[in-house]
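Asks: Questions regarding the structure given below will be posed in turn.
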Amino acid sequence: MNYNIILTLIFCLFLFFNCTEKSDKNFRDFNDYSFNTTIEGEGTYGIGYEFEIKKQWYANKKYNFFYYTNSLAERKFLIPGSLANDEFPISWREVNLPFKIVKRADSDTLVVIKNNKEFIFKRVKNSD
6 MNYNIILTLI FCLFLFFNCT EKSDKNFRDF NDYSFNTTIE GEGTYGIGYE FEIKKQWYAN
66 KKYNFFYYTN SLAERKFLIP GSLANDEFPI SWREVNLPFK IVKRADSDTL VVIKNNKEFI
126 FKRVKNSD
């Protein structure tokens with residue numbers, strides 16, 4: 006019986022520390038930081054609330070960055086296999102990896118460079 010109580014206590018402590026590690030207070034606001042880095046990998050970068058760049062966690066708290074493609078071919082270049090038409094915006098984090106991002110703190114634009122082609126993503130205020 007004592008082992009069950011001890012194991013339950015250890016499990017609860019583990020959950021507490023694991024869940025508080027990435028609380029909203031620990032996420033940096035992506036808009037407040039400058040970047041000039043390549044993001045490696047395969048597939049999409051990620052669409053969730055939080056994301057990691059160089060071992061730091063960020064979130065799009067106030068703003069996000071979107072790009073309206075000029076054609077379906079351009080959209081398929083950024084997101085291979087995309088079935089949506091070119092009327093819908095693309096978030097910078099939907100772009101297929103690898104790519105380079107260039108952004109200044111509090112800037113209205115974010116540049117994604119993929120295969121030596123630049124795409125300028127515009128800052129859009131998040132709706133509540």
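The opening position of the sequence shown corresponds to residue 6 in the working numbering, with each subsequent residue numbered one higher.
For each residue, glycine too, the CB sits at the ideal point set by N, CA and C.
1. In whole angstroms, give me the CA-to-CA distance for Y38 and I11.
2. Measuring only the C-alpha atoms, how far is I118 from I58?
3. Going by DSSP, name the residue or residues bridged to E45.
4. Are T43 and K127 touching if we call contact CB-CB under 7 Å?
5. Give the DSSP-derived three-state secondary structure of A110 in the structure shown.
6. Output needed for R114: all residues of its chain with C-beta closer than 8 Å, excluding positions within five of it in sequence on either side, in chain order.
7. Helix or strand or just coil, what does DSSP make of K4?
8. Mark I95 as exposed unless 16 or more other C-beta atoms lie within 10 angstroms of its C-beta, in which case mark it buried.
9. Among N101, W97, K66, whose alpha-carbon lies nearest the alpha-carbon of D34?
10. Ordered along the chain, which non-local residues of its own chain (more than five positions away) have a Cβ less than 6 Å from that of Y72?
11. Enumerate in chain order the residues of its own chain whose CB-to-CB distance from N31 is below 8 Å, with the five nearest sequence positions on each side excluded.
Replies: In short:
1. 44 Å
2. Computed Cα separation, rounded: 16 Å.
3. Answer is none; E45 lacks a bridge partner.
4. no
5. In the three-state DSSP reduction, A110 falls in the coil class, being neither helix nor strand.
6. For the sequence presented, residue 114 should be read as Thr rather than Arg. F70, K108, I125, F126, K127, R128.
7. Outside the displayed span of the chain (6 to 133) sits residue 4, for which this structure offers no information.
8. Per the 10 Å Cβ criterion, buried.
9. K66
10. I95, F124, F126
11. For N31, where only same-chain residues beyond five positions count, the Cβ hits under 8 Å are W62.
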